[in-house]
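Q:
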């Protein structure tokens, strides 16, 4: 769906004058800009029934948390704001408006840049709105990070984002890709990052929020999204907070016994380091957009199949734009995490030490490794059985130019070989299993867990078909 990019003021005017909607706007914390955008555009009396700025935390708790303290810039708070304001609209003025008018409530709770400029500005924003089913509203919520280094600029960004979100809920809720892209109208990715969106309601039942998440990465709205074990999109900062993080990168097309052995062995390695607590650790199966787009376009069914299988095996999933591991390491360390353990195989390690991949860096391999190996980062290397010999990180032949750097990383346990892996599964490669599935060959089921093989067969995934056999 091709739409004309309107300015923030044009959208606000259209909502005020043309759209037959009426609602309330509630803003707490640093976000006080959306109501102003409506009033400055003109004609807001036809749109805004109520505007409230609960800037003081005590008032916020009084109105939206039963007078109890809680987290202020959080999904729970914006949800309560939406529910409270929408309920007030229904109770106070619903009988005074004509039956064609549709109600909405908008809410945001935001932490903007502080005086010392040493915080991480972010916020939640949402809209609850009537659609085809007037009795049951729809709801859209987003989480965003403010990237500008100026509080005044962040305020303008908030105003634009809020107007974009309300306009999209009114006009684009039937076309989710257009909805997503329109959120960035008059904005740039260096001003704001949207890393979570959740849609629900009678008019939005057809939406799969996982597809919205991967589209956000594809559209450049964020560099990574995360799904929990139930397939729900989560804010990365909440999933990672003070965690020991284990990341295994792969295509997972499909995940094999080797993939699960890498995960289990990595957890055993982490336990041996000490201070291990299951509740304070998280494993992420990471798929890059480059891998998802290998065919030139995003195959939504293929993507959902990978996520469903991983979720079915009780795994969290991450989709990222980080082809290089040093950028992936920097991404994780932008959050408040404890340890980061990147699980890789020998083929990946061989690529990792190739200087040709770092030609765009002024410091070359040295700079890349400096950015990769932060104090809390280690590589767990899964050995490879080749020609009946076990290849390990310690035995890896590296170029003479980085030999001493590589030895330094080995000696300081920044590159650690994984042991106690299951040697019976050595020699299983996902790409070979995938080819067997596509070619209708027998035996691939023995290389994957039963749940994985059954799911592929029952849903005919990854090009699966079974060769006909002649029983004569």
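Numbering (the numbering used here), first residue to last: 324 to 795.
In this text, a Cβ means the ideal position worked out from N, Cα and C, and glycines have one as well.
All figures in this text were calculated on a predicted structure; none of them were measured in a lab.
Looking at residue 451: is its Cβ nearer than 7 Å to the Cβ of residue 405?
A: Position 128 of the chain shown, counted from the start, is the residue given in the question as residue 451. Position 82 of the chain shown, counted from the start, is the residue given in the question as residue 405. Yes.
Q: Quick one, which of 644, 420, 520 has its alpha-carbon nearest residue 555's?
A: Counting from 1 along the chain shown, the entry for residue 555 is found at position 232. It is 520 whose Cα lies nearest to the Cα of residue 555.
Q: Report the three-state DSSP secondary structure of residue 793 (helix, strand or coil).
A: Translated into positions along the chain shown, residue 793 becomes position 470. A caution first: residue 793 carries a pLDDT of 47, below 50, which makes its placement in the model unreliable, though a value can still be read off. Correct three-state label for residue 793: coil.
Q: When DSSP builds the beta bridges, which residues end up paired with residue 430?
A: The residue labelled residue 430 in the question sits at position 107 within the chain shown. Note: residue 430 sits in a beta bridge opposite 349, 449.
Q: With a CB to CB cut of under 7 Å and the five nearest residues on each side skipped, what residues in its chain are close to residue 738?
A: Your numbering for residue 738 matches position 415 in the chain shown. Excluding sequence neighbours, residue 738 sits near 702, 704, 716, 732.
Q: For residue 614, does the three-state DSSP call read helix, strand or coil?
A: The residue given as residue 614 occupies position 291 in the chain shown. In the structure shown, residue 614 sits in a helix (DSSP, three-state: H, G or I).
Q: With DSSP collapsed to three states, give me the class of residue 750.
A: Position 427 of the chain shown, counted from the first residue, corresponds to residue 750. In this structure, residue 750 counts as coil in the three-state DSSP scheme.
Q: Going by Cα to Cα distance, which pick from 626, 648, 754, 687 is closest to residue 672?
A: On the chain shown, residue 672 is found 349 positions in, with the first residue counted as 1. The shortest C-alpha separation from residue 672 is found at 648.
Q: Let me know the secondary structure DSSP gives residue 492 once reduced to three states.
A: In the chain shown, residue 492 corresponds to position 169, counting from 1. Reduced to three states, the DSSP call for residue 492 is helix.
Q: Residue 559 to residue 624, Cα distance in whole Å?
A: In the chain shown, the residue the question calls residue 559 occupies position 236. In the chain shown, the residue the question calls residue 624 occupies position 301. Between residue 559 and residue 624, the C-alpha separation is close to 24 Å.
Q: Which value, in whole angstroms, describes the spacing of the CA atoms of residue 466 and residue 544?
A: Walking along the chain shown from the start, residue 466 turns up at place 143. Walking along the chain shown from the start, residue 544 turns up at place 221. If you take the alpha carbons of residue 466 and residue 544, they lie about 11 Å apart.
Q: Report the rounded CA-to-CA distance for residue 743 versus residue 568, giving the unit in angstroms.
A: As a first step, residue 743 must be located in the chain shown, where it is residue number 420. As a first step, residue 568 must be located in the chain shown, where it is residue number 245. Cα-Cα distance, rounded: 21 Å.
Q: Let me know the secondary structure DSSP gives residue 697 once reduced to three states.
A: The count along the chain shown starts at 1 and reaches residue 697 at position 374. DSSP places residue 697 in coil when its eight states are reduced to three.
Q: Is it buried or exposed for residue 341, if we count other Cβ within 10 angstroms and need 16 for buried?
A: Here residue 341 refers to the residue found at position 18 when the chain shown is read from its first residue. Its Cβ having fewer than 16 others within 10 Å, residue 341 is exposed.
Q: Smallest Cα separation from residue 419: which of 481, 401, 372, 688?
A: Working through the chain shown from its first residue, we reach residue 419 at position 96. Measuring from the Cα of residue 419, the nearest candidate turns out to be 372.
Q: Residue 360: buried (16+ other C-beta within 10 angstroms of its C-beta) or exposed?
A: Your numbering for residue 360 matches position 37 in the chain shown. With 16 or more other Cβ atoms within 10 Å, it is buried.
Q: Decide if the region 596–616 is in contact with the region 633–652; the criterion is three or more beta carbon pairs, one per stretch, under 8 Å apart.
A: With a cut-off of 8 Å, the region 633–652 and the region 596–616 count as touching, because enough Cβ pairs lie within range.
Q: Identify the continuous beta strand (DSSP E) that holds residue 641 and give its terminal residues.
A: Reading the chain shown from its first residue, position 318 is the one you call residue 641. Here the beta strand (DSSP E) through residue 641 covers 639–643.
Q: Contact defined as beta carbons within less than 8 Å: I believe residue 530 pairs with residue 522. What is the distance between those atoms, to the nearest angstrom?
A: By one-based count along the chain shown, residue 530 stands at place 207. By one-based count along the chain shown, residue 522 stands at place 199. Yes, they are in contact, since the Cβ atoms of residue 530 and residue 522 sit about 5 Å apart, within 8 Å.
Q: Considering residue 658, what are the terminal residues of the alpha helix (DSSP H) in which it resides?
A: For the purposes of this step, residue 658 is identified with residue 335 of the chain shown, where counting begins at 1. Residue 658 -> no alpha helix (DSSP H), and no H or E assigned at all.
Q: So, with DSSP's three-state summary, where would you put residue 550?
A: For the purposes of this step, residue 550 is identified with residue 227 of the chain shown, where counting begins at 1. Strand.
Q: Which residues mark the beginning and the end of the beta strand (DSSP E) in which residue 464 is found?
A: In the chain shown, the residue the question calls residue 464 occupies position 141. Residue 464 -> beta strand (DSSP E) spans 461–469.
Q: So what's residue 335 in DSSP terms, helix, strand or just coil?
A: What you label residue 335 is simply residue 12 of the chain shown in a count that begins at 1. Residue 335: helix per DSSP, three-state reduction.
Q: Is the Cβ-Cβ distance between residue 449 and residue 430 less than 7 Å?
A: Taking the first residue of the chain shown as 1, we reach residue 449 at position 126. Taking the first residue of the chain shown as 1, we reach residue 430 at position 107. Yes, they are a contact pair.
Q: Do residue 389 and residue 367 count as a contact pair if the criterion is CB distance below 7 Å?
A: As a first step, residue 367 must be located in the chain shown, where it is residue number 44. As a first step, residue 389 must be located in the chain shown, where it is residue number 66. No, the Cβ-Cβ distance between residue 367 and residue 389 is not below 7 Å.
Q: Do the region 573–584 and the region 680–693 meet, that is, are 3 or more Cβ pairs less than 8 Å apart?
A: No, the region 573–584 is not in contact with the region 680–693.
Q: Do residue 345 and residue 424 have their C-beta atoms closer together than 7 Å?
A: Along the chain shown, read from residue 1 onward, the residue named residue 345 stands at position 22. Along the chain shown, read from residue 1 onward, the residue named residue 424 stands at position 101. Yes; because the gap between Cβ atoms is below 7 Å, this pair is in contact.
Q: Candidates 726, 455, 720: which alpha carbon is nearest residue 688's?
A: In the chain shown, residue 688 corresponds to position 365, counting from 1. It is 726 whose Cα lies nearest to the Cα of residue 688.
Q: Where are the alpha helix (DSSP H) runs, 4 residues long or more, that stay fully inside the region 470–524, in chain order?
A: The region 470–524 contains these whole alpha helix (DSSP H) runs: 474–494, 499–505.
Q: Less than 7 Å between the beta carbons of residue 571 and residue 590, yes or no?
A: Walking along the chain shown from the start, residue 571 turns up at place 248. Walking along the chain shown from the start, residue 590 turns up at place 267. No; because the gap between Cβ atoms is not below 7 Å, this pair is not in contact.
Q: Check for me: the alpha helix (DSSP H) holding residue 597 runs from which residue to which?
A: Within the chain shown, numbered from 1, the residue matching residue 597 stands at position 274. Segment: none, residue 597 is in no alpha helix (DSSP H) and carries neither H nor E.
Q: Could you check the C-alpha separation between residue 621 and residue 542 for me, to the nearest Å?
A: Residue numbering aside, residue 621 sits at position 298 when the chain shown is read from its first letter. Residue numbering aside, residue 542 sits at position 219 when the chain shown is read from its first letter. Using only the alpha carbons, I get a separation of about 12 Å.
Q: Candidates 416, 650, 712: which alpha carbon is nearest residue 669's?
A: Counting from 1 along the chain shown, the entry for residue 669 is found at position 346. The candidate whose alpha carbon is nearest that of residue 669 is 712.
Q: Looking at residue 767: is its Cβ nearer than 7 Å to the Cβ of residue 584?
A: As a position in the chain shown, residue 767 is number 444, starting the count at 1. As a position in the chain shown, residue 584 is number 261, starting the count at 1. Against a cut-off of 7 Å, the Cβ pair of residue 584 and residue 767 comes out as no contact.
Q: Which whole runs of the beta strand (DSSP E) in the region 360–433 are 3 residues long or more, in chain order?
A: Here the runs fully enclosed are 371–376.
Q: Taking the beta carbon of residue 693 as the centre, do at least 16 other beta carbons fall within 10 Å, making it buried, or is it exposed?
A: Counting from one through the chain shown, the residue named residue 693 turns up at place 370. Exposed, by the Cβ-count rule.
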